[in-house]
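In my numbering, the protein residues as written are 2 to 350.
We treat Cβ as the ideally placed atom computed from N, Cα and C, and that holds for glycine.
Read through the structure below, which is laid out as C-alpha cells, and then see the notes.
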C-alpha cells in the first residue's frame with residue numbers, strides 16, 4: 002500500500018497545488034438545480050456493471066506516448082472481458098501528461114475500443130473552476146460516456162464538505178448536461194466522500210461513475226445505500242473489500258491489480274451471483290487479496306512489465322519514476338506471475 006501511495010504522490014510532482022477561491026453560489030441550491038433538463042448525447046441511463054479497468058499509458062523509450070501500444074492495450078482489456086475503461090486516470094500517470102496528451106490518449110482509447118465498451122476519463126486539472134469546466138467539455142467532445150472529477154481538486158484539505166459541494170455545484174452549472182463521474186484519487190490528497198454527499202451527487206442525475214477508495218466495509222455499505230435508486234454506480238478500487246461492495250449492491254470494481262490480470266477480476270464478479278459457487282468465490286477473493294499486495298509494488302511500472310511478459314506489446318517505461326527494482330522485487334513479481342497462471346488454470350479446469 003505504501004508503494005501505491007508513493008506512486009500517486011510522485012505523479013503529482015510538477016503539478017501546481019490546487020487552491021480554489023470561493024465562487025458565487027447559492028447556499029440554498031439543491032440537487033434538483035443540476036438535474037439534466039435534456040437527454041445527454043446517448044441518453045445515458047446507467048453505466049454497465051462489472052470490471053472497469055483503470056488504464057495505463059504506454060510510453061516509448063523516449064517517453065513519448067505510445068499510441069500503437071495503447072491501441073493494443075485497449076484491445077487486451079476488451080478481450081479480457083472488461084465492461085468499461087477509465088482512461089486518463091491516476092494509473093495513466095495523468096499528472097505527468099499535458100492537456101493535448103490527455104486528449105490524445107482518450108481519443109486513441111475510444112478509437113481502439115470501437116464502441117465495444119464505454120470509456121470515462123478525468124477532466125479536472127486546474128485551480129480554476131472555469132478552466133475545469135472548459136476541459137470537461139473538451140474531454141466530453143472526444144466521445145466519452147462521462148467525464149470524471151477528482152474530489153481532492155475541488156476543495157483544499159482543510160476545507161469542509163459544504164465547500165466541496167458548492168464548487169461541484171458550480172461545475173454542474175457550467176457543464177450543461179454532460180454526464181459525470183467522481184474519483185476519490187489519493188492525489189493531490191485523499192478526500193473521501195460522505196454518504197450524504199454521495200446521496201446529493203446521485204440525486205442530481207448527473208453522476209454515473211464513482212471510483213471509491215475508502216477501503217472501509219461499513220463506509221462502503223453506507224455509500225452504496227446512499228445512491229440506491231439513482232444512476233450513480235459504485236465501483237470499488239480496493240481488492241480486499243471487493244466482495245463486500247459486490248455483495249451489497251456495488252456495480253463493479255476498478256482496482257489497479259486488474260492491470261495485471263483483468264480476467265481474474267472479471268471471473269470474480271461473475272461468480273458473485275452464480276449459484277453454488279460460494280466456496281470458489283471466497284477462495285478466489287482471498288487469493289486476489291494476497292496477490293494485491295505484490296501488485297502494488299513499483300506500480301505502474303510493475304503492471305507494464307507484467308503485461309509485457311504476458312505478450313502485450315508495451316514497454317515498462319514510465320514518466321513517474323519508482324525506486325530502483327531490487328532482486329527481491331524480481332522474485333516477488335515472478336511469484337505473482339506463477340500465482341496468476343495457477344489461478345487461471347484452476348478457474349479453467
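Does the pairing of the stretch 280-297 with the stretch 262-269 give three or more beta-carbon distances under 8 Å? In short, these stretches touch, since the Cβ pair count reaches three.
Proximity to residue 121 [Cα-Cα], best of 87, 97, 111, 316: In this structure, 87 is the residue among 87, 97, 111, 316 with its C-alpha nearest to the C-alpha of residue 121.
Suppose contacts are defined by Cβ-Cβ distances below 9 Å. Is residue 210 in contact with residue 188 by that definition? If you check the CB distance, residue 210 and residue 188 do not come in under 9 Å.
Out of 348, 305, 331, which has the shortest C-alpha to C-alpha gap to residue 286? When each option's Cα is compared against that of residue 286, the closest is 348.
Can you tell which of 176, 175, 335, 166 has the C-alpha that lies nearest to the C-alpha of residue 193? Among 176, 175, 335, 166, the Cα nearest to that of residue 193 belongs to 166.
With 16 other CB atoms within 10 Å as the buried threshold, where does residue 329 fall? A residue is called buried when at least 16 other Cβ atoms come within 10 angstroms of its Cβ; residue 329 does not meet this threshold and is exposed.
Let me know the secondary structure DSSP gives residue 237 once reduced to three states. Strand, per DSSP.
According to DSSP, is residue 131 helix, strand or coil? If DSSP states are grouped into helix, strand and coil, residue 131 belongs with the helices.
Contact between the stretch 268-288 and the stretch 332-349 (3+ Cβ pairs under 8 Å): Taking a contact to require three or more Cβ pairs closer than 8 Å, the stretch 268-288 and the stretch 332-349 qualify as touching.
When burial is assigned at 16 or more other CB atoms within 10 Å of the CB, is residue 324 buried or exposed? Counting of Cβ neighbours within 10 angstroms places residue 324 among the exposed residues, the total staying below 16.
Here's a check: name, in chain order, each residue in its chain whose Cβ is nearer than 8 Å to the Cβ of residue 55, leaving out the five neighbours to either side. Taken in chain order, the residues that qualify are 87, 90, 91, 92, 93, 212, 238, 255, 256, 257, 259, 260.
Name the one or two DSSP bridge partners that residue 307 has. Per DSSP, residue 307 has no beta-bridge partner at all.
Supposed contact pair residue 289 and residue 231 - C-beta distance, whole angstroms, cut 8 Å: At roughly 29 Å, the Cβ-Cβ gap does not stay under 8 Å, so residue 231 and residue 289 are not in contact.
Select from 215, 246, 216, 207 the residue whose C-alpha is nearest the C-alpha of residue 226. With distances taken between Cα atoms, residue 226 lies closest to 246.
On the DSSP bridge assignment, give the partners of residue 123 in chain order. In DSSP, residue 123 forms a bridge with 149.
Reducing DSSP to helix, strand and coil, say where residue 83 ends up. Coil at residue 83, not helix or strand.
Quick check on the burial criterion: 16 or more other C-beta atoms within 10 angstroms. Buried or exposed for residue 38? Because the pLDDT at residue 38 is just 44, under 50, the model does not fix this residue reliably, and the point stays unresolved.
Would you call the CB atoms of residue 105 and residue 124 closer than 9 Å? Against a cut-off of 9 Å, the Cβ pair of residue 124 and residue 105 comes out as no contact.
Is residue 61 helix, strand or coil by DSSP? Looking at residue 61 - three-state DSSP - the assignment turns out to be coil, as it is neither helix nor strand.
Counting C-beta neighbours from all protein chains within 10 Å, is the total for residue 339 16 or more, i.e. buried, or is it exposed? Under a 10 Å Cβ-count criterion, residue 339 is classified as exposed, with fewer than 16 other Cβ atoms of the shown protein chains found around its own Cβ.
Would you decide whether residue 207 is buried or exposed? Buried here means 16 or more other CB atoms lie within 10 Å of its CB. In this structure residue 207 is buried. Its beta-carbon is surrounded by 16 or more other beta-carbon atoms within 10 angstroms.
State the Cα-Cα distance for the pair residue 14 and residue 236, rounded to the nearest angstrom. Low confidence applies to residue 14: its pLDDT is 42, below 50, so where it sits in the model is not reliable enough to give any reading.
Quick check: the Cα distance between residue 335 and residue 274, rounded to an integer number of angstroms? If I take the Cα positions, the gap works out to 32 Å.
Which partner residues of residue 107 appear in the DSSP bridge assignment? Note: residue 107 sits in no beta bridge, so no partner.
Beta-carbon contacts of residue 64 that lie in its chain and below 8 Å, excluding the five residues immediately before and after: Same-chain partners within the cutoff: 318, 320.
If you measure between the beta carbons of residue 214 and residue 185, is that distance less than 9 Å? In this structure, residue 185 lies closer than 9 Å to residue 214 by Cβ.
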